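Data block below; observations after.
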Amino acid sequence: MTISITPSANQRMRQFLAQSPAAAGVRFGVKRTGCSGFAYVVDLADTASADDQTFQIDGVPVIVDVNSLPLVDGTVIDFQRQGLNASFVFHNPNATGECGCGESFTVG
1 MTISITPSAN
11 QRMRQFLAQS
21 PAAAGVRFGV
31 KRTGCSGFAY
41 VVDLADTASA
51 DDQTFQIDGV
61 PVIVDVNSLP
71 LVDGTVIDFQ
81 RQGLNASFVF
91 HNPNATGECG
101 CGESFTVG
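Residue numbers (the UniProt record's numbering): 1 to 108.
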């Protein structure tokens, strides 16, 4: 299982964690939604459950649920700023397509 984060994503995740010192880590996964099937989820995790796997990636605890693991294996998480917009960007080798709006993706 491999997930990696760029230096800019690392910095942003560390900022989130510094604002919530009680958080167990950053939750990364997918949920069923959108016109292509799946959307990424990045949020602070209060706890990690027995069905979660925690990865220490460059000092950042990244928590992934067991159902998301095969869908995000190999993903590189980046954080980009474009003008006034800033967001996490995902480079997922498992994604076989994306919707036109870029909010969801297909695996298969």
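Just so you know, even glycine gets a beta-carbon here, dropped at the ideal spot from N, CA and C. In this text, all values refer to a predicted model and were calculated from it rather than measured experimentally.
Per DSSP, reduced to three states, the secondary structure at Pro61 is strand. In the displayed model, Val66 falls within coil according to three-state DSSP, outside both helix and strand. Pairing Ile63 with Arg14 gives a Cβ-Cβ distance that is not under 8 Å. One thing to note: Val42 has its Cβ no nearer than 8 Å to the Cβ of Phe105. Classified as exposed, Thr2 has fewer than 16 neighbouring CB atoms from the shown chains inside 10 Å of its CB.
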